[in-house]
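In full-length UniProt numbering, the protein residues as written are 1 to 52.
A virtual CB, placed ideally from N, CA and C, is assigned to each residue, including glycine.
Report on one structure; see the data block that follows.
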Amino acid sequence: MINLLEVGCTENQVGAICNMSAQMVQHYGREVALRSLARDAMKLMESPLERN
Numbered sequence: 001m002i003n004l005l006e007v008g009c010t011e012n013q014v015g016a017i018c019n020m021s022a023q024m025v026q027h028y029g030r031e032v033a034l035r036s037l038a039r040d041a042m043k044l045m046e047s048p049l050e051r052n
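Structure representation (structure tokens):
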């Protein structure tokens with residue numbers, strides 16, 4: 001289910017594919033959002049190192 005969100009499926013699409021309620025998809029979707037934010041933050045932290 002998380003993979004579907006990571007590749008860009010909407011919450012409605014994931015719910016339909018996995019037969020999950022909107023609330024459950026949103027619950028697991030938070031994990032995907034946090035992973036994405038963490039990846040973005042790490043990229044920002046690494047970019048000054050690459051410039052030197």
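Closer than 7 angstroms by C-beta to residue i: which residues in its own chain qualify, once you throw out the five before and the five after it? Chain order, please.
| i | result |
| --- | --- |
| Ala22 | Glu11 and Gly15 |
| Cys18 | Met1 |
| Met24 | none |
For residue i, which three-state DSSP category applies?
| i | result |
| --- | --- |
| Val7 | coil |
| Asn12 | helix |
| Met1 | coil |
| Ser36 | helix |
If you draw a straight line from the C-alpha of residue i to the C-alpha of residue j, how long is it?
| i | j | result |
| --- | --- | --- |
| Lys43 | Leu34 | 14 angstroms |
Identify, in the order they occur along the chain, each residue of the same chain with its Cβ nearer than 8 angstroms to the Cβ of residue i, setting aside the five sequence neighbours on each side.
| i | result |
| --- | --- |
| Leu4 | Gln13, Val14, Ile17 and Cys18 |
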